Amino acid sequence: MNSTVNIAIDGPAGAGKSTIARRLAAEMGYIYVDTGALYRTVALNVVRHSVESDNTNAIIGLLKDADVNIAYKNGEQRVILNGEDVSELIRTPEISMMASKVSAIPEVRTFLLGLQRKLARENNVVMDGRDIATVVLPEARVKIFLTASAEVRARRRYIELLDKGTEVEFETVLKEMIQRDEQDMNRAVAPLKPSEDSVIVDTSDVDLDGAVRLMREAVESQLKKG
Ligand code: DC
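Position in the sequence shown (first residue = 1) + 888 = the working numbering.
Right, dumping it as structure tokens:
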């Protein structure tokens, strides 16, 4: 029996998972685990070795020398690849697309599963991803599927990229968002989908504070149910 409290938050890219989950974790005194960052770290390793996204055998081969870990610095999650903090390097459109590709490979998913479960076993966590409720933590106390329309999600991601000084076209961001959704939803292993017992929270028509409020209500009502 797991004595820690686990909150699973799944949903497509740009639904606001990480921002909302981080706020929720801080309010509850839980640690926040962004599992997408782990897939991004594997993707960065693949790009650094100049391996193409369709070369599955080579991608699997790279795993044995890849030490992927999570650390916390000033309460913020950092991802560590072979001892190097790569937290900033994984936030590019190229890595987003490669992460979506590598995450469809079963060996990559298995490679990252133990670390995610260990974090949840040892800590109260708010963990976000695509398959947390369905695969990683099926026993989580709270399961939420956070979503919003593709337009709204692309607009948010576009503004985020502009704020960071990345030059992009909105149309490109929207196209890549839709492509990534399709890849994530249609893969054979651990596809993105709500578990049967997830509460669906749609943030298309609310701002960030509204989304956090909706989320908090959903969490509280599920925690009450026990
Ligand atoms: O949440 P994100 O955009 O940082 O995730 C990057 C990619 O990683 C995403 O396209 C799908 C994949 N991913 C996954 O397959 N399973 C998870 N639990 C988290 C992310």
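Where a beta carbon is used, it is the ideal one built from N, C-alpha and C, also for glycine.
On a predicted model such as this, the values are computed, not experimentally measured, just so you know.
request  = State the Cα-Cα distance for the pair residue 923 and residue 1004, rounded to the nearest angstrom.
outcome  = Reading the sequence shown from its first residue, position 35 is the one you call residue 923. Reading the sequence shown from its first residue, position 116 is the one you call residue 1004. Looking at the two C-alpha atoms, the distance is approximately 7 Å.
query = So does residue 1053 have its beta carbon nearer than 7 Å to some heavy atom of the ligand DC?
reply = For the purposes of this step, residue 1053 is taken as the residue at position 165 of the sequence shown. Because no heavy atom of the ligand DC lies under 7 Å away, the Cβ of residue 1053 does not count as near it: no.
query = In its own chain, which residues sit with a C-beta less than 8 Å from the C-beta of residue 1000, not counting the 5 before and 5 after it?
reply = Sequence index remark: in the sequence shown, residue 1000 carries index 112 (1-based). Counting only Cβ-Cβ distances below 8 Å, and skipping sequence neighbours, we find 923, 926, 927, 930 and 956.
query = Under 7 Å from any heavy atom of the ligand DC, does the C-beta of residue 980 make it?
reply = In the sequence shown, residue 980 corresponds to position 92, counting from 1. Checking every heavy atom of the ligand DC against the Cβ of residue 980, none is found closer than 7 Å.
Inter-residue spacing [alpha-carbon to alpha-carbon] between residue 909 and residue 1016 = Against the sequence shown, residue 909 aligns to sequence position 21. Against the sequence shown, residue 1016 aligns to sequence position 128. If I take the Cα positions, the gap works out to 7 Å.
key: residue 874: CB within 7 Å of a non-hydrogen atom of the ligand DC   = Residue numbering for the chain in the displayed model covers 889 to 1114; residue 874 lies beyond these limits and cannot be assessed.
key: C-alpha distance - residue 919 paired with residue 1011, whole-angstrom precision   = If you number the sequence shown from 1, residue 919 lands on position 31. If you number the sequence shown from 1, residue 1011 lands on position 123. Near 7 Å, if we compare the C-alpha coordinates of residue 1011 and residue 919.
task = Examine the ligand DC and report whether any of its heavy atoms sits within less than 7 Å of the Cβ of residue 928.
result = As a first step, residue 928 is located in the sequence shown; it is residue number 40 there, counting from the start. At least one heavy atom of the ligand DC is nearer than 7 Å to the Cβ of residue 928, so yes.
query = Three-state secondary structure (DSSP) at residue 1001?
reply = Position 113 of the sequence shown, counted from the start, is the residue given in the question as residue 1001. Residue 1001: helix per DSSP, three-state reduction.
ask   = What did DSSP end up calling residue 948 once you bin it into helix, strand or coil?
value = For the purposes of this step, residue 948 is taken as the residue at position 60 of the sequence shown. If DSSP states are grouped into helix, strand and coil, residue 948 belongs with the helices.
ask   = Under 8 Å between C-beta atoms, does residue 1081 make it to chain C?
value = Absent here is chain C; the protein component of the structure consists of one chain.
inquiry  = Using a Cβ-Cβ cutoff of less than 6 Å, which residues in the same chain neighbour residue 1107 once the five nearest sequence positions on both sides are dropped?
reply    = As a working note, residue 1107 is residue 219 in the sequence shown. Result list for residue 1107: 1030, in chain order.
key: beta-carbon residue 998 near the ligand DC non-hydrogen atom, thresh 7 Å   = Within the sequence shown, numbered from 1, the residue matching residue 998 stands at position 110. Because no heavy atom of the ligand DC lies under 7 Å away, the Cβ of residue 998 does not count as near it: no.
inquiry  = Using DSSP's beta-bridge definition, name the partner residues of residue 1017.
reply    = What you label residue 1017 is simply residue 129 of the sequence shown in a count that begins at 1. 898, per the DSSP bridge assignment.
query = Near residue 903, which residues of its chain fall below 7 Å by C-beta distance, leaving aside the five closest residues on each side in sequence?
reply = Here residue 903 refers to the residue found at position 15 of the sequence shown. Answer for residue 903: 1034, 1035, 1036, 1041 and 1091, listed in chain order.
request  = State yes or no: is the C-beta of residue 1068 nearer than 7 Å to some heavy atom of the ligand DC?
outcome  = Stepping through the sequence shown from its first residue, residue 1068 is reached at position 180. Because some heavy atom of the ligand DC lies under 7 Å away, the Cβ of residue 1068 counts as near it: yes.
inquiry  = Is residue 984 near the ligand DC - that is, is its Cβ less than 7 Å away from at least one heavy atom of it?
reply    = Start at 1 with the first residue of the sequence shown, and residue 984 comes out as number 96. True, at least one ligand heavy atom lies under 7 Å from that Cβ.
task = Using alpha carbons as the reference points, say which of 1096, 916, 1083 and 980 lies closest to residue 1019.
result = On the sequence shown, residue 1019 is found 131 positions in, with the first residue counted as 1. Closest by alpha carbon: 1083.
ask   = Exposed or buried, residue 978, counting other C-beta atoms within 10 Å across all chains shown (16 or more means buried)?
value = Here residue 978 refers to the residue found at position 90 when the sequence shown is read from its first residue. The residue in question, residue 978, is buried, as its Cβ has 16 or more Cβ neighbours within 10 Å.
request  = Select from 970, 891 and 913 the residue whose C-alpha is nearest the C-alpha of residue 936.
outcome  = Residue 936 sits at position 48 when you count from the first residue of the sequence shown. Among 970, 891 and 913, the Cα nearest to that of residue 936 belongs to 970.
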